[in-house]
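Chain order of the listed sequences is A and B.
Residue numbering for the first sequence follows our numbering, beginning at 1 and increasing consecutively.
Residue numbering for the second sequence follows our numbering, beginning at 1 and increasing consecutively.
Ideal Cβ placement from N, Cα and C applies to all residues, glycine included.
Quick caveat: nothing in here was measured; it's all calculated off a predicted structure.
Please read the structure below before turning to the comments.
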Amino acid sequence: MLNITRILSSEWCRWARLGWLDIQSRYRRTTFGPMWIVLLTGMTVGSIGFVYGSLFKAPIKDFLPFLAIGFVTWGWISSSLVEAGECFSAYKSMMLNHVLSPSSVLVRVVFRNWLVLLHNALVIVALLFILQRPLSLVTLLVVPGMLVVGGVIFSTSIIVAFACARFRDLKQVLASALSLGLLITPVIWSPEILKDRIYVAYLNPFSHLLDLIRLPLLAVTPSATNWAVAFGTLLICSMVARIVITRYRHLVIFWL
Amino acid sequence: MARIDLQNVSLRYPLYGETTKSMRVVLAGLVTGKRAENHPIYVEALKDISINLSEGSRLGLIGANGAGKSSLLRLMAGIFQPNSGTVRREGHIVTMFDLSYGMDEEANGFENIDIVSVVLGISRFDLDRIKNDVAEFSELGEALHRPIKTYSAGMRVRLAFGLLSSMSAEILLIDEIIGVGDASFMKKASARISKQIQEAKIFVLASHAESVLRDFCTTGLVMSEGKAVFHGPIEDALKFYNSRG
Numbered sequence: 001m002l003n004i005t006r007i008l009s010s011e012w013c014r015w016a017r018l019g020w021l022d023i024q025s026r027y028r029r030t031t032f033g034p035m036w037i038v039l040l041t042g043m044t045v046g047s048i049g050f051v052y053g054s055l056f057k058a059p060i061k062d063f064l065p066f067l068a069i070g071f072v073t074w075g076w077i078s079s080s081l082v083e084a085g086e087c088f089s090a091y092k093s094m095m096l097n098h099v100l101s102p103s104s105v106l107v108r109v110v111f112r113n114w115l116v117l118l119h120n121a122l123v124i125v126a127l128l129f130i131l132q133r134p135l136s137l138v139t140l141l142v143v144p145g146m147l148v149v150g151g152v153i154f155s156t157s158i159i160v161a162f163a164c165a166r167f168r169d170l171k172q173v174l175a176s177a178l179s180l181g182l183l184i185t186p187v188i189w190s191p192e193i194l195k196d197r198i199y200v201a202y203l204n205p206f207s208h209l210l211d212l213i214r215l216p217l218l219a220v221t222p223s224a225t226n227w228a229v230a231f232g233t234l235l236i237c238s239m240v241a242r243i244v245i246t247r248y249r250h251l252v253i254f255w256l
Numbered sequence: 001m002a003r004i005d006l007q008n009v010s011l012r013y014p015l016y017g018e019t020t021k022s023m024r025v026v027l028a029g030l031v032t033g034k035r036a037e038n039h040p041i042y043v044e045a046l047k048d049i050s051i052n053l054s055e056g057s058r059l060g061l062i063g064a065n066g067a068g069k070s071s072l073l074r075l076m077a078g079i080f081q082p083n084s085g086t087v088r089r090e091g092h093i094v095t096m097f098d099l100s101y102g103m104d105e106e107a108n109g110f111e112n113i114d115i116v117s118v119v120l121g122i123s124r125f126d127l128d129r130i131k132n133d134v135a136e137f138s139e140l141g142e143a144l145h146r147p148i149k150t151y152s153a154g155m156r157v158r159l160a161f162g163l164l165s166s167m168s169a170e171i172l173l174i175d176e177i178i179g180v181g182d183a184s185f186m187k188k189a190s191a192r193i194s195k196q197i198q199e200a201k202i203f204v205l206a207s208h209a210e211s212v213l214r215d216f217c218t219t220g221l222v223m224s225e226g227k228a229v230f231h232g233p234i235e236d237a238l239k240f241y242n243s244r245g
């Protein structure tokens, strides 16, 4: 048992390193390298912030950081899941040539997207600094928040990867669902504008996950409900992921 | 101590065709209550195979295309799991099934050695030695500093083969890769692989080239439609295979 854990952890470390090499390779021969991630996010947040800030008549000082954090976090969740859906077919040849735990392939994808998140976080840090948002001890709650969201992403990625390998149609469904998710989750808009129907926003577990990261950075403590829903989601997703991986890890190779 | 024990191993895997793979069929089945048409076709890749390989085994797998040679190799490696029977293995395994995979077209030769060595689990401690070794063997010289998208097919093979054959293995499993590259490279490659094979405690090779099988293997396993039909000294195995036509 100990031996298996040791092998798996060394495999995970190696595949995390491959995730880093992926980032390097994606931006090879570009002038700005991975800084392109930051530039693109900065431009997107800037333009959406300008238009929607006017639409919602929200003060720029509040709206821009709100939007930037939401947008970056959503991007982290959605690009991880999209790439997870493709990862088994993308790394099929490696899976056919090496004894490999399918989870290692997911480690590569999730770690790669976490690195993208760290790049994007520069936009948030810059905005918080420029707009002189107050920081406090509450801000540190973003760390456990990120761990919980990261855990949900990892376990959901495992489920998504197996499901998309088995049913090719799901890849399309996933892409549409995630672009719909961007609209129905309070990423761009604040749940407050729903007024007395604010519960509509919080029926969606993603809203709670976003809050775990967004609120601390805006110096607000996430509510107990936020934590409860996020932990509940994490628990359910990791249990399902565990079942999926134990039942299907030897079969997935034949689905590709 | 290196060994591979297969005991009554069978491998059967589902093949999802046009009708079975699509979710539409599954959903339609749920809606209409009919569960027909959702049974995948199964491929019987290996049937009831038992074989024990211990230190010093040099086994050649012989058989027509689709006889199950590659499946058996992947099962020995642990990439496929049997549906029934048991597999026990001890020892560090190196596989040579496909030569180039996981390489990055935009990266140069050295960077690709980095990438593939991470996949292969080569420690950073050994990396410099292996890089020198691959550079010397592949004779790619300056080309190693160029992106591999500029490489010809032969150059890619030199790089990938150089890297894989630099790994020391207790158990070495090779699937039909000998026979690539130009004549002078072939000569060098076979000298290099002979060394790697000699150092391996267990060696299994699937090949159609009788001379290669005679050179490297002492015993042969003839396979037909997933079954092991003959197991014995390599000469007898080849004779048996050829007599079957």
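Indicate whether residue i and residue j have their beta-carbon atoms separated by less than 8 Å.
i: arginine 29 of chain A; j: glutamate 106 of chain B; result: yes
i: alanine 67 of chain B; j: methionine 186 of chain B; result: no
i: alanine 2 of chain B; j: isoleucine 202 of chain B; result: yes
i: asparagine 120 of chain A; j: threonine 185 of chain A; result: no
i: leucine 147 of chain A; j: valine 82 of chain A; result: no
i: serine 264 of chain A; j: valine 109 of chain A; result: As displayed, chain A neither begins before 1 nor continues past 256, which places residue 264 of chain A out of reach and without an answer.
i: leucine 234 of chain A; j: glycine 151 of chain A; result: yes
i: arginine 112 of chain A; j: isoleucine 193 of chain A; result: no
i: arginine 89 of chain B; j: glycine 102 of chain B; result: no
i: threonine 218 of chain B; j: asparagine 97 of chain A; result: no
i: arginine 17 of chain A; j: valine 118 of chain B; result: yes
i: isoleucine 49 of chain B; j: tyrosine 241 of chain B; result: no
i: tyrosine 52 of chain A; j: isoleucine 188 of chain A; result: yes
i: arginine 247 of chain A; j: phenylalanine 66 of chain A; result: no
i: isoleucine 69 of chain A; j: isoleucine 153 of chain A; result: no
i: isoleucine 115 of chain B; j: isoleucine 122 of chain B; result: no
i: glycine 109 of chain B; j: leucine 30 of chain B; result: no
i: serine 80 of chain A; j: arginine 249 of chain A; result: no
i: leucine 173 of chain B; j: glycine 85 of chain B; result: no
i: leucine 213 of chain B; j: glycine 60 of chain B; result: yes
i: glutamate 44 of chain B; j: glycine 226 of chain B; result: yes
i: lysine 57 of chain A; j: leucine 256 of chain A; result: no
i: valine 72 of chain A; j: valine 123 of chain A; result: yes
Using a C-beta to C-beta distance shorter than 8 Å, which residues of chain B count as neighbours of residue i?
i: asparagine 97 of chain A; result: Ile79, Thr95, Phe97, Asp98, Tyr101
i: serine 93 of chain A; result: Asp98, Tyr101, Gly102
Mind listing the chain B neighbours of residue i? Cutoff is C-beta to C-beta under 7 Å, in chain order.
i: arginine 14 of chain A; result: Val118, Gly121
i: phenylalanine 254 of chain A; result: Tyr13, Pro14
Which residues share a DSSP beta bridge with residue i?
i: aspartate 5 of chain B; result: B:Asn52, B:Arg88
i: serine 224 of chain B; result: B:Lys227
i: glutamate 44 of chain B; result: B:Arg12
i: proline 233 of chain B; result: B:Thr219
i: valine 94 of chain B; result: B:Leu172
i: glycine 63 of chain B; result: B:Met223
i: arginine 58 of chain B; result: B:Phe203
i: asparagine 108 of chain B; result: B:Pro147
Anything in chain B within Cβ reach of residue i, meaning under 9 Å, just list it in chain order.
i: histidine 250 of chain A; result: Phe80, Gln81
Starting from residue i, find everything on chain A with Cβ-Cβ shorter than 9 Å and list it in chain order.
i: alanine 107 of chain B; result: Leu21, Gln24, Ser25, Arg28
i: isoleucine 115 of chain B; result: Leu18, Leu21, Ser25
Does residue i have its Cβ less than 8 Å from a Cβ in chain E?
i: serine 207 of chain B; result: Absent from the structure is chain E; the protein chains it does hold are A and B.
Residues in the segment 140-155 of chain B having any Cβ partner in chain A nearer than 8 Å: Taking a C-beta cut-off of 8 Å against chain A, none of the residues of the segment 140-155 of chain B qualify.
Return the residues of the segment 17-44 of chain A that lie within a Cβ-Cβ distance of less than 8 Å from chain B, sorted by chain order. Those residues of the segment 17-44 of chain A that come within reach of chain B (Cβ to Cβ, closer than 8 Å) are Arg17, Leu18, Leu21, Ser25, Arg28, Arg29.
Which of the residues in the segment 83-105 of chain B, read from start to end, lie with their CB under 8 Å from any CB of chain A? Hits within the stretch, in order: Ile93, Thr95, Phe97, Asp98, Tyr101, Gly102, Asp104.
Entirely enclosed alpha helix (DSSP H) segments - the segment 32-78 of chain A, minimum 4 residues: List check, alpha helix (DSSP H) in window: 35-55.
Tell me the start and end of each unbroken alpha helix (DSSP H) in the segment 76-114 of chain A that is at least 4 residues and wholly inside, in chain order. Segments of the alpha helix (DSSP H) lying fully in the segment 76-114 of chain A: 92-97.
In chain order, what are the residue ranges of uninterrupted beta strand (DSSP E) at least 3 long that sit wholly in the segment 148-212 of chain A? Given a length threshold of 3 residues, the segment 148-212 of chain A has no whole run of the beta strand (DSSP E) inside it.
Enumerate, from N- to C-terminal direction, the unbroken alpha helix (DSSP H) stretches of 4 or more residues contained entirely within the segment 127-208 of chain B. Runs of alpha helix (DSSP H) with 4 or more residues, each lying fully within the segment 127-208 of chain B, are found at 153-164, 183-199, listed in chain order.
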